[in-house]
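Engineer:
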Amino acid sequence: MNAERVDVSIIIVNWNTRDLLAQCLQSVYDTVNGLDFEVIVVDNASADGSVAMVQERFPRVQLIENQENIGFAAANNQAMQISRGNYVWLLNSDTIVLNDALEKMVAFMQAHPEIGAISSRLLNKDGSLQDFPKTYPTLINELSRALYIYNFVTWLKRRGMVSRGERTREVDRIKGASMLVRRQTINAVGGMSEDYFMYAEEDDWCFRIKRQGWKIYYYPKAEVIHYEGSSVKQISHSMFLRLHQSKLLFF
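Just so we're aligned: the sequence shown equals residues 3 to 253 in our numbering.
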């Protein structure tokens, strides 16, 4: 890895979300100012022209082209291995970065050296708030969600396990859609576990980060729009099973 550091490495894993990826990348270059950053896109064998779009429209992006879909965790690890940032920002391809989001997150991390990772506030495309998890998932919660037994979000809110994102707070876990991690934390904890193909990898990572003594925070002063689940809508039956296997593996 090049020893020359930058402030932030922005890592985006893509699978067949060309148009959303283009919006995401454009928002990064339009809104990030005052920081020295690099962007690394890992394409998991997309068939929709994503690679050509990045090459043509965003030549500054470092592009990793995988010949097969190796999963979210492994793809992020690929990029982290070549990244040069003092911070690493994991950003979903179906996000739009709003003004000063990254600058606010970095400033908060710099002011709180005990924090290993933070998440921004995530908004739906209509501007409404997305729920965020506060505590670790339980087996019964995930089974209930998978089987659509009842309105699990409402039930979890009553239990205090998810929350509306109004205030800065310490949490057990955060979503990988917009997750800023300190380089020292990555060096101490390691990358994501590649036992997880899709989903639950950030839960496992957060668990290991906290076990090493780092704090994890939700920071709503930084905002990112998230078109939730864009890649998941395209998954095959076999990949759907792998998704839920990943969730069960956490337990």
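Even glycine gets a Cβ: it sits at the ideal position worked out from N, Cα and C. It should be emphasised that the depicted structure is a prediction, and the values quoted were computed from it without experimental measurement.
If you draw a straight line from the alpha carbon of Ser-122 to that of Gln-112, how long is it in whole angstroms?
Structural biologist: One C-alpha to the other measures close to 15 angstroms.
Engineer: Have a look at Val-183 and Gln-25 and give me their C-alpha separation to the nearest angstrom.
Structural biologist: Going from the Cα of Val-183 to the Cα of Gln-25 covers about 23 angstroms.
Engineer: If you draw a straight line from the C-alpha of Gln-214 to the C-alpha of Lys-177, how long is it?
Structural biologist: If I take the Cα positions, the gap works out to 19 angstroms.
Engineer: Between the alpha carbons of Tyr-31 and Pro-61, how many angstroms are there, rounded?
Structural biologist: Computed Cα separation, rounded: 12 angstroms.
Engineer: Relative to the C-alpha of Val-44, which candidate in Asp-133, Asp-9, Ser-85 and Asp-205 has its C-alpha closest?
Structural biologist: Nearest of Asp-133, Asp-9, Ser-85 and Asp-205 to Val-44, Cα basis: Ser-85.
Engineer: Answer with buried or exposed for Gln-83, where buried requires no fewer than 16 other C-beta atoms within 10 angstroms of its C-beta.
Structural biologist: By the neighbour-count rule (16 or more Cβ atoms within 10 Å), Gln-83 is not buried but exposed.
Engineer: Just to confirm before moving on: does the CB-CB distance between Asn-71 and Ala-47 stay below 7 angstroms?
Structural biologist: Their beta carbons are under 7 angstroms apart, which means Asn-71 touches Ala-47 by this criterion.
Engineer: Can you name the residues that DSSP bridges to Trp-2?
Structural biologist: Past the edges of the chain, shown from 3 to 253, lies residue 2, and the structure says nothing about it.
Engineer: Count the other CB atoms within 10 Å of the CB of Lys-212; is the residue buried (16 or more) or exposed (fewer)?
Structural biologist: Burial call: buried.
Engineer: Where DSSP assigns a beta bridge to Ser-180, which residues make up the other side?
Structural biologist: Answer is Leu-93.
Engineer: How would you call Ala-179, buried or exposed, if buried means at least 16 neighbouring beta carbons within 10 angstroms?
Structural biologist: Buried, because 16 or more other Cβ atoms sit within 10 Å of the Cβ of Ala-179.
Engineer: Could you give the first and the last residue of the continuous beta strand (DSSP E) run that contains Phe-39?
Structural biologist: Its beta strand (DSSP E) spans residues 39-46.
Engineer: Measure the CB-CB distance between Phe-110 and Tyr-221 and report whether it falls below 7 angstroms.
Structural biologist: Yes, Cβ-Cβ distance for Phe-110 and Tyr-221 is below 7 angstroms.
Engineer: Can the beta-carbon of Val-8 be found less than 7 angstroms from the beta-carbon of Val-99?
Structural biologist: No, Cβ-Cβ distance for Val-8 and Val-99 is not below 7 angstroms.
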